[in-house]
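Below: one structure, written as structure tokens.
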Amino acid sequence: MSNLTARRIPSLDGCRAISILMVAYGHLCGTRNFPVSIAEYGRWCGDVAHLGVLVFFVISGFLITSLLMSERELTGGISLKRFYLRRIVRIFPAFYAFILVMAIAVLLGAVHLTGRDFVYALTYTINFEQNRGLAFGHLWSLSVEEQFYLLWPLTLLLLRERRALIVAVAAIFTGPLVRVAIREWIFHVDPHALNGMSTSFPATFDYLAAGCALALLRPWLLTRTWYLRLTASPWLALAVPLVLLINRMGSHTMVILLGSPLMNVCIALLLESSTRHASSLAGRFLNWKPVVFLGVLSYSLYLWQSPFFNHRSDAWVNAFPQNMLLAFFAALTSYFLIERPFIRLRKRLRRGDTLPTHVQGVAGIA
Numbered sequence: 050m051s052n053l054t055a056r057r058i059p060s061l062d063g064c065r066a067i068s069i070l071m072v073a074y075g076h077l078c079g080t081r082n083f084p085v086s087i088a089e090y091g092r093w094c095g096d097v098a099h100l101g102v103l104v105f106f107v108i109s110g111f112l113i114t115s116l117l118m119s120e121r122e123l124t125g126g127i128s129l130k131r132f133y134l135r136r137i138v139r140i141f142p143a144f145y146a147f148i149l150v151m152a153i154a155v156l157l158g159a160v161h162l163t164g165r166d167f168v169y170a171l172t173y174t175i176n177f178e179q180n181r182g183l184a185f186g187h188l189w190s191l192s193v194e195e196q197f198y199l200l201w202p203l204t205l206l207l208l209r210e211r212r213a214l215i216v217a218v219a220a221i222f223t224g225p226l227v228r229v230a231i232r233e234w235i236f237h238v239d240p241h242a243l244n245g246m247s248t249s250f251p252a253t254f255d256y257l258a259a260g261c262a263l264a265l266l267r268p269w270l271l272t273r274t275w276y277l278r279l280t281a282s283p284w285l286a287l288a289v290p291l292v293l294l295i296n297r298m299g300s301h302t303m304v305i306l307l308g309s310p311l312m313n314v315c316i317a318l319l320l321e322s323s324t325r326h327a328s329s330l331a332g333r334f335l336n337w338k339p340v341v342f343l344g345v346l347s348y349s350l351y352l353w354q355s356p357f358f359n360h361r362s363d364a365w366v367n368a369f370p371q372n373m374l375l376a377f378f379a380a381l382t383s384y385f386l387i388e389r390p391f392i393r394l395r396k397r398l399r400r401g402d403t404l405p406t407h408v409q410g411v412a413g414i415a
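Right under this line is the structure:
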């Protein structure tokens, strides 16, 4: 594990870039002036934006678990205080700056959000809200991430790797059951609760758990010849259309129950392959500097894309292509003025630690 985290993990920022591109594309579709012909391609794959979120969840589970395992290996334990401090410095500044700007926009009449929306957003519980304001609708995934940050490190600390792996594997298979139960039962009892419950932590943890399981199993898997061959095989590329097919058919009960675990495994294997084979064609693309920078920018772009990608608005700022350019400009501003200074602060805080300074958690997306 220390070899994994002794340097910046290859291809990981590239994987983030792919995820945020999927999210941005999915949210751009339907906005005014966005080419219908381009939007049609995405409809074949189902909800592309949601799939981008799921990929981010797998990445996040893998990276956070790798970080915690590395800390235990290097120091003999896991410091929850240090972990939460790093998360606060990484996530809070850009997030609360976004919330502040949205509050000003509400006062100016440019955005419609309720006090209830702000309460849910500020407490990272908006994934349980039934009727989310559009400008905050994407924050459900960040709420899931924060709940994961709260629960998973404690789980790994108390249960250690072997029992935590049991929890992760169990979640991979129980998550789909929860989603089916929500759709089949809660929908008939209270249809309005479906939105909040379908994005609740119990209904989405299986995607994060897939990344956690990969990190926990990785030391053993890397000793298995069949695994090394599988993740090095060009045939693994077939997992991509399989994931897209499952995503398209994801509303069917059997696809949820059987396809979701399969999709999680496929995403995890693709993540493993891309990080271990950076010299491959896909690896070279994922480590190409413009792609890497987009991955680095992904958190700020995640925060700022929703107010501009409003398909219900006829405003100039919400029409393509200026909405895309404005979202990108807002993300650049957020990154250089807020994110990067705090990333530097976090690195200074880590100088007294024995942990590698490069390993960064992934914020929620879309």
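The sequence shown maps to residues 50 to 415 in the numbering used here. Built from N, CA and C at the ideal position, the CB exists for glycine as well.
Given residue i as reference, the closest of the options once Cα atoms are compared
i           : options            : result
residue 266 : 314, 336, 66       : 314
residue 286 : 247, 262, 301, 316 : 316
residue 262 : 233, 164, 205, 249 : 205
residue 345 : 203, 283, 130, 385 : 385
residue 352 : 260, 305, 141, 306 : 141
residue 200 : 170, 155, 133      : 133
residue 60  : 375, 363, 342      : 342
residue 84  : 375, 368, 374      : 368
residue 312 : 96, 291, 301       : 291
residue 363 : 338, 159, 300, 88  : 159
Exposed unless 16 or more other CB atoms sit within 10 angstroms - verdict on residue i
i           : result
residue 298 : exposed
residue 225 : buried
residue 355 : buried
residue 176 : buried
residue 76  : buried
residue 234 : exposed
residue 65  : buried
residue 284 : exposed
residue 168 : exposed
residue 86  : exposed
residue 214 : buried
residue 139 : buried
residue 52  : Only weak support exists for where residue 52 lies, its pLDDT of 42 falling under 50; the value from the coordinates is given anyway. Per the 10 Å Cβ criterion, exposed.
residue 170 : buried
residue 122 : exposed
residue 308 : buried
residue 119 : buried
Cβ-Cβ distance between residue i and residue j below 7 Å
i           : j           : result
residue 147 : residue 166 : no
residue 63  : residue 336 : yes
residue 114 : residue 264 : yes
residue 58  : residue 324 : yes
residue 347 : residue 143 : no
residue 310 : residue 377 : no
residue 90  : residue 136 : no
residue 319 : residue 281 : no
residue 163 : residue 192 : no
residue 250 : residue 196 : yes
residue 260 : residue 150 : no
residue 202 : residue 129 : yes
residue 306 : residue 94  : no
residue 116 : residue 127 : no
Interface flag, residue i vs chain B, CB-CB below 7 Å
i           : result
residue 350 : Checking the listed chains, one finds no chain B in this structure; it contains a single protein chain.
Sequence-distant residues of its chain with Cβ nearer than 6 Å to residue i (five each side left out)
i           : result
residue 326 : 332
residue 350 : 69, 380
residue 329 : none
residue 248 : 176, 189
residue 210 : 265
residue 302 : 229
residue 155 : 162
Cβ shell of residue i (< 7 Å), same chain only, five flanking positions each side left out
i           : result
residue 372 : 80, 357, 358, 366
residue 270 : 276
residue 321 : 263, 280
residue 304 : 295, 298
residue 182 : 161, 162, 163, 166
residue 74  : 91, 97
residue 387 : 142, 143, 146
Contacts around residue i, its chain only, beta-carbon distance under 8 Å, and the 5 residues preceding and following it disregarded
i           : result
residue 252 : 224, 227, 228, 231, 246
residue 216 : 204, 208, 258
Residue i CB to nearest heavy atom of the ligand NAD below 6 Å
i          : result
residue 93 : Looking for the ligand NAD in the displayed structure turns up nothing, as the structure carries no ligands at all.
Validate contact between the segment 73-84 and the segment 357-366 using beta carbons, cut 8 Å, 3 pairs: Touching, yes.
Stretch pair the segment 88-104 + the segment 384-393: three plus CB contacts closer than 8 Å: Taking a contact to require three or more Cβ pairs closer than 8 Å, the segment 88-104 and the segment 384-393 do not qualify as touching.
Three-pair Cβ contact test at 8 Å for the segment 245-256 versus the segment 269-281: Output reads no: the segment 269-281 does not touch the segment 245-256.
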